[in-house]
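Undergrad: Top to bottom, those sequences are chains F and H. Taking the UniProt record's numbering, I'd label the letters of the first sequence as residues 1 to 553. Taking the UniProt record's numbering, I'd label the letters of the second sequence as residues 1 to 111.
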Amino acid sequence: MSKQNPSYTNPKPCKHLADYKLRHGLNGFKTLQNCLKTTPYGRTSVSKHKSETPRCSLCFGYQGRLYFCLICSSITCSSHANEHSQSHHGHEIAVDVERAELYCCVCRDQVYDPDFDRAVVSKHFMDMPSNVNGVEGVVEESNKRRRLGLGLELEWKRSKRLISMADRRAKSIFPLGLRGLNNLGNTCFMNSVLQALFHAPPLRNYFLSDRHNRQSCRRRSSDRLCLPCDIDVIFSAVFSGDRTPYSPARFLYSWWQHSENLASYEQQDAHEFFISMLDQIHVKEGKSGNQDKDNRDCQCIAHKAFSGLLRSDVTCTTCGFTSTTYDPCVDISLNLDMSFCPSTGMTNRTTKPNENAIISTLLGCLDLFTRPEKLGPDQKLYCQNCQERRNSLKQMSIRRLPIVLCLHIKRFEHSTIRKMSRKIDQYLQFPFSLDMTPYLSSSIVRNRFGNRIFTFEGDESETCTEFEVFAVVTHSGMLESGHYVTYVRVRNRWYKCDDAWITEVDEGVVRASQCYLMYYVQKGFYYKASEDLSCLPMSPPGGESYLPIAGCC
Amino acid sequence: MRPSVNRPPTPDARLDREKEPSVLEIINIKLIESGEKERLMELLRERLIECGWKDEMKALCRAFVKKKGRNNVTVDDLVHVIMPKGRASIPDSVKAELLQRIRTFLVSAAV
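Here it is in C-alpha cells:
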C-alpha cells in the first residue's frame with residue numbers, strides 16, 4: 001500500500017517551467033541566491049537593490065505581489081507579469097519578490113521545483129550561523145525505523161483460542177471486551193482510563209496473548225507486587241465473556257501501593273492516573289536502568305504502545321540560530337484553542353469573547369501546539385551564537401508518532417497567583433479520523449521557509465500518520481466533584497462505559513461530549529483489530545441497539 | 001501641421017513619477033529602508049494568525065478550490081476571490097495597533 005503523502009510529491013511542472021529548466025538548468029537559481037535576503041524567522045525575499053523599493057516596470061506600482069523575472073531581472077506586478085512574458089519571449093518564469101517562490105507568468109499560477117527550493121534554503125545555511133532554524137541537513141536519508149510491536153499482531157491469533165473457550169453465559173450480544181467496572185469510591189477516574197486501555201490494540205493484544213504470564217512473573221521476582229500482573233487479571237476478567245460488573249479492587253490496592261501519594265478515596269485526575277499507570281508498567285517491565293533518552297528502545301509494552309518523540313526548536317530572533325531538543329512523551333497535553341469562530345466572524349482577542357460563538361476544534365488545538373510562540377521578555381534564553389540572552393521563538397512539533405496517541409485537553413486551570421483552580425467547560429469538536437501529517441517535524445520545519453515541496457529531516461513517510469479514535473474519556477461537572485465517563489468504539493459502534501453500566505450509544509452523543517482524554521490509534525492497527533473481534537456476532541442492525549447489559553448496582 | 005507644433009508633449013509615465021513622489025510612497029520608502037516594514041509585517045502576520053483571520057482565509061480558499069476543482073484554480077484566482085473579504089474582515093484592533101506603530105515610527109523618523 002503506497003504511503004505516499006500527496007503533499008510531499010513533486011507537482012508536475014507546467015511546460016513553461018520544464019522548458020526553462022531544459023534551457024537554463026540551475027544557473028538562474030544559483031545567480032538568484034545573490035539577490036536573496038533571509039530573516040531569522042525563515043522567510044526569504046528577493047532584494048536586488050537594498051535601498052530601492054521594488055516597483056513594477058510597467059506601472060510603477062509597489063503594492064501587492066511583485067514578480068522578479070529570472071531571465072532579465074525586471075520586476076512586474078501581478079497585473080502586468082503576463083504582459084512581460086508576452087512581449088519578451090522566453091521570459092516566463094519569475095520569482096515572487098516577497099516570498100521567493102516560483103511563478104509562471106503565462107499560467108498565472110505558482111509552480112514548484114525542488115532544485116529551486118534547495119537553492120533558496122541553502123541560502124539560509126550560507127547566511128546564518130550553523131543549525132539555522134533547526135534544520136539538520138538539506139536532504140536526509142530517511143532513517144530506518146524498526147517496526148514497533150507489529151509482531152504483537154501475530155500473538156493475537158494465539159489468544160483467539162483462549163477466548164473461544166470463554167464462558168458463553170453472556171446474555172447480550174455485545175462484542176467482547178465490554179464489561180462494567182464497579183465504582184469503589186470515587187474511582188471513576190480509574191475506571192474510565194481502564195475502559196479506554198482495554199481497547200488499545202497493542203495493549204489488548206499483549207495481555208490477551210499472555211505476554212505477561214503471571215506464573216512465570218511470580219516465579220521470577222520475589223516482589224509480590226506487580227501492576228502488570230494485576231492488569232493481566234483485569235484483562236482476563238473483562239474479556240472472559242462474563243458481563244456482570246467487575247470490581248477492580250485488587251488492581252486499585254496494587255496501584256495504591258505504588259503511588260502512595262495518590263492513595264485515597266478522593267477524586268483524582270484521570271490523566272494523572274494514566275501517566276502513573278504507564279510509569280508503573282515501565283518500572284516493572286522495562287529494561288532496568290534503561291537510560292536511553294529515546295524510549296524507542298524500551299521494550300515495555302507501555303512505551304511500545306504510547307511512546308513518541310517531541311521536538312522543540314528555540315530560535316533566537318536576532319541571529320536566527322536555532323537549538324533543537326528531542327524529548328520522549330507518552331501523551332500530548334493541549335491547551336484549548338479559544339480563538340476561532342468561523343461563521344459569525346472572528347473573535348477579537350481584546351474584546352470579551354462570547355463563549356457561545358467560539359468553536360474550538362482539536363485541529364485548532366494541535367495548530368496552537370505547533371505554532372511558533374514568542375517567549376516573553378522575561379523569558380530570554382541564552383543564544384549560543386550571540387553569546388547572550390536574547391528574545392526567542394519556540395516551536396513544538398512531533399518527530400515520531402506513537403502507535404497509540406493520547407491527547408490530553410487541559411481543562412483544569414490552576415492559577416498559582418490566585419491560588420485558585422477552575423475547569424474550562426468549553427466544548428471541543430474532534431474528528432474520528434485524524435491525519436497528523438501537518439504536525440510532524442518535517443511539515444513544521446518545511447513550512448518555516450514558505451511554500452516548499454521539499455522535506456528536510458528524515459522523511460517520516462514510513463510511519464502511518466492516519467489515526468482513528470477508539471476511546472474518549474469525558475468529564476462532566478465541576479473540578480472538585482465531577483464524573484468521568486468513557487466512550488469506546490468497537491467495530492465502529494460506540495459504547496458508553498459509565499462505571500458499571502455499559503450501553504450502546506449513537507455516535508452523535510460521542511461527538512457532543514466534553515472530551516478530556518482522546519485515544520487515537522494508527523489506522524492499520526484499528527482496522528486489523530476490528531477484523532479480529534469476530535468471535536461473537538454483532539448486535540442486529542436497527543432496533544435493539546440500546547440493550548444495557550448491567551445495572552445491578 | 002501647425003496644431004501639432006502647439007500640441008503639448010505626450011505624457012510619459014516615467015517622467016511623471018520622477019516629478020512628485022506621493023506621501024504614501026515616501027513613507028513606504030522610509031519604512032523599508034529602516035527595516036521597520038519587515039518588523040511590522042511580522043507583527044501583522046502574528047496578529048492575523050492569533051485572531052483566526054488566516055484560518056478563515058484558508059477555509060475560503062479551500063471552499064473555492066473545492067467548487068472549481070483542484071486543477072482549475074490559479075494563485076491569481078485565489079487572490080482575487082479572497083481579497084475583498086480579506087480586506088474587510090481585518091479586526092479593528094489589528095488595524096489600530098499597526099497604525100499606532102506607524103505613527104510612532106513617523107514621529108521618530110521626522111526628528
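Built from N, CA and C at the ideal position, the CB exists for glycine as well. All of these numbers come straight from a predicted model, not from anything done at the bench.
Going along chain H, which residues have a C-beta under 9 Å from residue 109 of chain F?
TA: Ordered by position in chain H, the residues that pass the 9 Å Cβ test against residue 109 of chain F are 73, 74, 75, 76, 77.
Undergrad: Can you find at least 3 beta carbon pairs, one from the segment 94 to 108 of chain H and one from the segment 38 to 55 of chain H, that sit closer than 8 Å?
TA: Yes, since at least three Cβ pairs between the segment 94 to 108 of chain H and the segment 38 to 55 of chain H fall closer than 8 Å, the two stretches touch.
Undergrad: Give me the chain F residues within the contact set of residue 26 of chain H, using Cβ-Cβ distance strictly less than 9 Å, ordered along the chain.
TA: None at all; the shortest Cβ gap to chain F is about 10 Å.
Undergrad: How many whole angstroms separate the CB atoms of residue 386 of chain F and residue 319 of chain F, which I take to be in contact at a CB cut-off of 8 Å?
TA: Right, their Cβ atoms sit about 5 Å apart.
Undergrad: What does the alpha-carbon distance come out to for the pair residue 246 of chain F and residue 237 of chain F?
TA: When rounded, the distance between both Cα atoms is 8 Å.
Undergrad: Using a threshold of 8 Å, state whether the C-beta atoms of residue 323 of chain F and residue 314 of chain F are closer than that.
TA: Their beta carbons are under 8 Å apart, which means residue 323 of chain F touches residue 314 of chain F by this criterion.
Undergrad: If contact means a Cβ-Cβ distance below 7 Å, which residues of the segment 228 to 260 of chain F contact chain H?
TA: So the list is empty, because no residue satisfies the distance condition.
Undergrad: Could you tell me which residues DSSP pairs with residue 94 of chain F in its beta bridges?
TA: Answer by DSSP bridge pairing, in chain order: F:69, F:103.
Undergrad: Is there at least one Cβ from chain F nearer than 8 Å to residue 102 of chain H's Cβ?
TA: No, no contact with chain F.
Undergrad: List the whole-angstrom C-beta distance separating residue 180 of chain F from residue 449 of chain F, where the pair is believed to meet the contact cut-off of C-beta under 8 Å.
TA: That pair is no contact at about 53 Å.
Undergrad: If you follow the alpha helix (DSSP H) that residue 196 of chain F is in, where does it begin and where does it stop?
TA: First-last of the alpha helix (DSSP H) with residue 196 of chain F: 188 to 198.
Undergrad: Strictly under 8 Å for the Cβ-Cβ distance: is residue 17 of chain F near chain H by that measure?
TA: So no, residue 17 of chain F is outside the interface.
Undergrad: By the DSSP assignment, the beta strand (DSSP E) with residue 395 of chain F in it spans what residues?
TA: Per DSSP, residue 395 of chain F belongs to the beta strand (DSSP E) from 392 to 400.
Undergrad: So is residue 47 of chain H buried or exposed if we call it buried at 16+ other beta carbons inside 10 Å?
TA: Buried: at least 16 other Cβ atoms inside 10 Å.
Undergrad: For residue 110 of chain H, which three-state DSSP category applies?
TA: Residue 110 of chain H falls in the helix class under three-state DSSP.
Undergrad: Give me the Cβ distance between residue 271 of chain F and residue 517 of chain F, rounded to the nearest whole Å; I'm assuming they're in contact under 8 Å.
TA: Their Cβ separation, rounded to whole angstroms, is 6 Å, which keeps residue 271 of chain F and residue 517 of chain F in contact under 8 Å.
Undergrad: Kindly give me the distance between the Cβ atoms of residue 484 of chain F and residue 475 of chain F, rounded to whole angstroms, as I take these residues to be in contact under 8 Å.
TA: With 8 Å as the limit, residue 484 of chain F and residue 475 of chain F qualify as a contact, their Cβ atoms being about 6 Å apart.
Undergrad: So what does DSSP say about residue 472 of chain F, is it helix, strand or coil?
TA: The answer is strand: DSSP assigns residue 472 of chain F an E or B state.
Undergrad: Using only alpha-carbon positions, find the residue among F:381, F:111, F:240 that is nearest to residue 17 of chain F.
TA: Nearest C-alpha to residue 17 of chain F: F:111.
Undergrad: Report yes if the CB atom of residue 227 of chain F is closer than 8 Å to the CB atom of residue 258 of chain F, and no otherwise.
TA: Closer than 8 Å, so yes.
Undergrad: Report the three-state DSSP secondary structure of residue 25 of chain H (helix, strand or coil).
TA: Looking at residue 25 of chain H - three-state DSSP - the assignment turns out to be helix.
Undergrad: So if I threshold CB-CB distances at 8 Å, which residues from the segment 32 to 46 of chain H count as touching chain F?
TA: Residues 32, 33, 38, 42, 46.
Undergrad: Going along chain F in order, which residues have a C-beta closer than 7 Å to the C-beta of residue 29 of chain H?
TA: Simply 53.
Undergrad: If you draw a straight line from the C-alpha of residue 22 of chain H to the C-alpha of residue 28 of chain H, how long is it?
TA: Roughly 10 Å between the two C-alpha positions.
Undergrad: Across the segment 207 to 216 of chain F and the segment 408 to 418 of chain F, are there enough close Cβ pairs to call them in contact, namely three or more that are closer than 8 Å?
TA: Result no; under three Cβ-Cβ pairs closer than 8 Å.
Undergrad: Of all the options F:478, F:264, F:439, which has the alpha carbon lying nearest to the alpha carbon of residue 397 of chain F?
TA: Comparing Cα-Cα distances from residue 397 of chain F to each of F:478, F:264, F:439, the minimum goes to F:439.
Undergrad: So residue 107 of chain F packs on residue 74 of chain H, CB below 8 Å; how close in whole Å?
TA: That pair is a contact at about 7 Å.
Undergrad: Who are the neighbours of residue 78 of chain F on chain H, taking C-beta pairs under 9 Å?
TA: Under the 9 Å cutoff, chain H gives 75, 76, 79.
Undergrad: Please confirm if residue 370 of chain F has its CB atom under 8 Å from at least one CB of chain A.
TA: The chain labelled as chain A is not found among the protein chains of the depicted structure, namely F and H.
Undergrad: For the segment 30 to 41 of chain F, list every residue whose C-beta sits within 9 Å of some C-beta in chain H, in sequence order.
TA: Here the close residues are 39, 41.
Undergrad: Looking only at its chain, what residues have a beta carbon closer than 6 Å to the beta carbon of residue 557 of chain F, apart from the 5 residues adjacent to it on each side?
TA: Outside the modelled stretch of chain F, which goes from 1 to 553, sits residue 557 of chain F, for which no answer is possible.
Undergrad: Which stretch, first to last residue, makes up the beta strand (DSSP E) that contains residue 488 of chain F?
TA: Counting along the chain, the beta strand (DSSP E) containing residue 488 of chain F begins and ends at 482 to 490.
Undergrad: If you pair each beta-carbon of the segment 20 to 34 of chain F with each one of the segment 64 to 71 of chain F, do three or more pairs fall below 8 Å?
TA: The segment 20 to 34 of chain F vs the segment 64 to 71 of chain F: in contact.
Undergrad: By the DSSP assignment, the beta strand (DSSP E) with residue 412 of chain F in it spans what residues?
TA: Residue 412 of chain F -> beta strand (DSSP E) spans 412 to 415.
Undergrad: Does the beta-carbon of residue 503 of chain F have 16 or more other beta-carbons within 10 angstroms, so that it is buried, or is it exposed?
TA: By the neighbour-count rule (16 or more Cβ atoms within 10 Å), residue 503 of chain F is buried.
Undergrad: Below 8 Å on the Cβ atoms is my guess for residue 45 of chain F versus residue 99 of chain F; work out the distance and round it to an integer in Å.
TA: Their Cβ separation, rounded to whole angstroms, is 7 Å, which keeps residue 45 of chain F and residue 99 of chain F in contact under 8 Å.
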